[in-house]
Amino acid sequence: MSVKPTGKETLLAETFVALADTLVDDFDVIDTLTTLVARTIAVLGAEEAGILLAGPEGDLHVVAASSEAARLLELLQLQTSQGPCLDCVASGRPVHGDDLSTSSRWPKFAPVAAEAGFLSVTAIPLRLRDRVIGGLNMFMAEPAEVGDDYLRTAQALAAVATIAILQDQAVRDAQRIAAQLQGALDSRTTIEQAKGMLAERAGVDMDEAFNRLRRYSRDANVRLTALAAKVVGGDLPVEVKCALLSSRRSPAGRATTN
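If you count the sequence shown from 1, position 149 lands on 1093 in the numbering used here, and the numbers rise without skipping.
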């Protein structure tokens, strides 16, 4: 007997492939979340969907919506500080409202959503283990209850997108750290070159040359790396050159390397 997948099973598999495909270079978070919104509607049968994502300070922002109506409902939650997505992000658990026309749970959100034609809503956290970075909202036109299979499917979709986002952040953090490390290495190379040049010209050892550079940078309130770069580049003002060669202290607070 042959078993053929249903249309929704095929679409779900294609959705996972599409989301997993973002785990490569040139990752575009907005495009990925827009894909998640569109595929969520197709797979789970919601009329509209939207996503709130936490910024660096933890505040939520609308980053994807299937329509202007969905975007406005997401904004309404932020403006009123209440709604299913906010509860979902705060708890890290799915939140469902099965009939917004009679619900008193979100008094500022539910009536507006119902008036806009959305009577049921499900919010799924964008979560990886204990870390929650946002929420996926699904709006339905009719009152509806959702089962465990529905929630598991929605959470699986959200999880793949979350992994993609967090991987992108990890890559960016790694690149930033690598750039900082490379900058420190480059700075140290410049300082070593400046030490050698000053030691030779002033007739002192390398330790004394470094002490002179460091002392002058502190007295003149200039960065040590910037001072070293000017020594290596040979474009020091005469008074700075004389101070370093004779180990004179610079005038307090005067940045004489500019």
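Ideal placement from N, C-alpha and C gives every residue a C-beta, glycine not left out. All figures in this text were calculated on a predicted structure; none of them were measured in a lab.
Check                                                                                                                                             : Outcome
Under 8 Å between the Cβ atoms of valine 1007 and leucine 997?                                                                                    : yes
Is it buried or exposed for glutamine 1021, if we count other Cβ within 10 angstroms and need 16 for buried?                                      : buried
Do you know whose CA, among Pro1069, Ser1048, Val987 and Arg1120, lies nearest leucine 1063's CA?                                                 : Ser1048
Taking 8 Å as the threshold (C-beta atoms), are threonine 1106 and arginine 1156 in contact?                                                      : no
Report the CB separation of glutamate 1018 from glycine 994 in whole angstroms; it is logged as a contact under 8 Å.                              : 4 Å
May I have a chain-ordered list of the beta strand (DSSP E) segments no shorter than 3 residues that lie completely inside the stretch 1017-1080? : 1039-1041 and 1064-1072
Could you pull the start and end residues of the beta strand (DSSP E) that alanine 1009 belongs to?                                               : 1004-1009
Touch check for the stretch 1142-1157 and the stretch 1176-1183: three-plus C-beta pairs under 8 Å?                                               : no
What does a CB cutoff of less than 7 Å around serine 1045 pick up in its chain, not counting 5 residues either side in sequence?                  : Ala1058 and Leu1063
Does DSSP put glutamate 1144 in a helix, in a strand, or in coil?                                                                                 : helix
By how many angstroms is the C-alpha of glycine 1002 removed from the C-alpha of serine 1025?                                                     : 14 Å
Taking just the CA atoms, how far does glutamine 1126 sit from glycine 1061?                                                                      : 55 Å
Can you tell which of Gly1036, Ala1170 and Gly1027 has its C-alpha closest to the C-alpha of proline 1055?                                        : Gly1027
For the pair the stretch 1128-1139 and the stretch 1093-1110, tell me if three or more CB-CB distances fall below 8 Å.                            : no
Span of the alpha helix (DSSP H) holding leucine 925?                                                                                             : Residue 925 is absent from the model: the chain starts at 945 and stops at 1202.
Just the Cα atoms here: how many angstroms apart are alanine 1103 and proline 1051?                                                               : 30 Å
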